[in-house]
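Structure record follows, encoded as structure tokens.
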Amino acid sequence: MFEIGEAEINAVADTIRRGILTRFQGKTDGYLARSERALAEMVGVKHALMVNSGTSALICDMVALGIGKGDEVLVSAYTWISTPLAPMLLGAVPRLVEIDESLTMDPDDLERKITPRTKAIMVIHMNNRPCNMDRIMAIADKHGIPVVEDACQAVGGIYKGRRLGSIGRIGAFSFNNYKNITCGEGGAVLTDDDELFDRARLWHDAGTFVQSYDAAIKIPYFAGQDYRASEIEGALIFEQLKRLDPCMAMWRERVALATKVIQEQGRYRIAPHHDPANAVSMALVFPSEQDFQAFSARSGVKNIFDTAGRHIYTNWPPLVEKRAYRDDVNPFLTPEGRDACYDATAAPKTLDILKRSAHLGVAWNAPLDDVAAWAKNL
Numbered sequence: 082m083f084e085i086g087e088a089e090i091n092a093v094a095d096t097i098r099r100g101i102l103t104r105f106q107g108k109t110d111g112y113l114a115r116s117e118r119a120l121a122e123m124v125g126v127k128h129a130l131m132v133n134s135g136t137s138a139l140i141c142d143m144v145a146l147g148i149g150k151g152d153e154v155l156v157s158a159y160t161w162i163s164t165p166l167a168p169m170l171l172g173a174v175p176r177l178v179e180i181d182e183s184l185t186m187d188p189d190d191l192e193r194k195i196t197p198r199t200k201a202i203m204v205i206h207m208n209n210r211p212c213n214m215d216r217i218m219a220i221a222d223k224h225g226i227p228v229v230e231d232a233c234q235a236v237g238g239i240y241k242g243r244r245l246g247s248i249g250r251i252g253a254f255s256f257n258n259y260k261n262i263t264c265g266e267g268g269a270v271l272t273d274d275d276e277l278f279d280r281a282r283l284w285h286d287a288g289t290f291v292q293s294y295d296a297a298i299k300i301p302y303f304a305g306q307d308y309r310a311s312e313i314e315g316a317l318i319f320e321q322l323k324r325l326d327p328c329m330a331m332w333r334e335r336v337a338l339a340t341k342v343i344q345e346q347g348r349y350r351i352a353p354h355h356d357p358a359n360a361v362s363m364a365l366v367f368p369s370e371q372d373f374q375a376f377s378a379r380s381g382v383k384n385i386f387d388t389a390g391r392h393i394y395t396n397w398p399p400l401v402e403k404r405a406y407r408d409d410v411n412p413f414l415t416p417e418g419r420d421a422c423y424d425a426t427a428a429p430k431t432l433d434i435l436k437r438s439a440h441l442g443v444a445w446n447a448p449l450d451d452v453a454a455w456a457k458n459l
């Protein structure tokens, strides 16, 4: 959805002219700090931490929650590969949860998959489609399991009056080139929890340099990685955030119009959405794969299964092949992970739904008359 304009160009140029490319150059209130405050305010959480990718944000979330060897983390079978890799890289076993026809995590299957080793639930708001957070949070609270919101593909999204990324215990955004706003590559950790925030900060900053700009961390320092974002990324996101809500409002208007026209035509079934008033994406779901193929032959639209690539669990080689870079850090060689399954039998409902569903791209800034005509002629 993003667009780059003079405001972003000027902010980046200002950063370069000042010669301050990292938050550690002096104690200035730079673009990263301002972007983090703006993100936290928009989402409605106490803390936001910018990092170098959405993947890094998800790993920070796992570290913050203490996820590690012997643990299980429940993830949707329909998500980008980074979601299951985050727990896997820390020695935990990702367990697959089916989706339903909303194209988001199926709460019924989620509850069935919970075991005594389940230490986190990672919900994924795929393609700006919010999960059924009312039911998922109720299930998580019942079992005492923290929820991680992977909102990497849903920056700025809303679920029943709350921003996506603020509902679970901790959340993650991505600012990759294909996301709602971008700095090329980047991400953010979001949480209300002071200790989780401190753990994420330490992990993202090697557990050391963070002390040079913030002595407020109240937990013992531990070894971490380096996921730091630069001031240039902060400058881009600071300006992109100013565009986000107006663009999302335009997007909602166009999706609502397309939905209305398609429903009036009565030819196709629109995939259920958990907050239709705030929808910024739409999809069709058909009774069978054969019905979809007939539609595809007429329209040229391809199904999600054939177009989603690494967003489908059967296309995740490290998991399908249960392979890590060394055997002694491979969670699938432990007693807890040996029975993990990622073949076609692991989530058959998900594969079936994706083979008979299609996302419909509605541009956020398309002329309304064009949107209506396209929907009518679909």
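All residue numbers for the sequence shown refer to the numbering used here, where the first residue is 82 and numbers rise by one.
C-beta atoms are modelled at their ideal positions from N, C-alpha and C, and glycine is treated no differently.
query, result
"For my contact list, ALA167 and TYR394 are in at a C-beta cut-off of 8 Å; report their separation, rounded to the angstrom.", "Not really, about 14 Å apart at Cβ, beyond 8 Å."
"Span of the alpha helix (DSSP H) holding THR136?", "135-145"
"For PRO175, which three-state DSSP category applies?", "strand"
"Provide the residue span of the beta strand (DSSP E) that contains SER438, from first to last.", "438-441"
"Count Cβ pairs between the stretch 214-233 and the stretch 342-353 that sit closer than 8 Å; are there 3 or more?", "no"
"Count Cβ pairs between the stretch 308-319 and the stretch 263-279 that sit closer than 8 Å; are there 3 or more?", "yes"
"Jot down the residue ranges of each uninterrupted alpha helix (DSSP H) in the stretch 391-447, minimum 4 residues, whole runs only, in chain order.", "398-401 and 429-436"
"Are the CB atoms of MET214 and TYR240 nearer to each other than 8 Å?", "yes"
"For ASP190, which option in GLU179, THR196 and ASP286 has the closest C-alpha, if you only look at C-alpha atoms?", "GLU179"
"Check for me: the alpha helix (DSSP H) holding ALA129 runs from which residue to which?", "Premise fails: ALA129 lies in the beta strand (DSSP E), 128-132, not in any alpha helix (DSSP H)."
"Looking at THR164: is its Cβ nearer than 8 Å to the Cβ of LEU139?", "yes"
"Identify, in the order they occur along the chain, each residue of the same chain with its Cβ nearer than 6 Å to the Cβ of GLU314, setting aside the five sequence neighbours on each side.", "CYS264 and GLY267"
"Taking 8 Å as the threshold (C-beta atoms), are PHE386 and LEU435 in contact?", "yes"
"Tell me whether the stretch 273-281 and the stretch 89-103 touch, counting them as touching only if at least three CB pairs, one residue from each stretch, are closer than 8 Å.", "no"
"Leaving aside the five residues before and after MET331 along the sequence, list all residues of the same chain whose C-beta is less than 8 Å from its C-beta, in chain order.", "TRP445 and ASN446"
"Whose C-alpha, out of ASN384, SER247 and ASP326, is nearest the C-alpha of LEU432?", "ASN384"
"In the DSSP assignment, the alpha helix (DSSP H) including THR289 goes from what residue to what residue?", "THR289 -> no alpha helix (DSSP H), and no H or E assigned at all."
"Going by beta-carbon coordinates alone, are GLY242 and ALA232 separated by less than 8 Å?", "no"
"Would you be able to state if there are at least three C-beta pairs under 8 Å between the stretch 407-420 and the stretch 438-458?", "no"
"Does the beta-carbon of ASN91 have 16 or more other beta-carbons within 10 angstroms, so that it is buried, or is it exposed?", "exposed"
"Do three or more CB pairs link the stretch 148-158 to the stretch 119-128 at distances below 8 Å?", "no"
"Between which two residues does the alpha helix (DSSP H) carrying LEU317 extend?", "312-346"
"Identify whether SER163 lies in helix, strand or coil by the three-state DSSP scheme.", "helix"
"If distances are taken between C-alpha atoms only, which option among VAL452, ILE300, ALA221 and TRP397 comes closest to LYS194?", "ALA221"
"Grab me the residues of ILE162's own chain with a C-beta within less than 7 Å of its C-beta, minus the 5 sequence neighbours each way, in chain order.", "ARG391 and TRP397"
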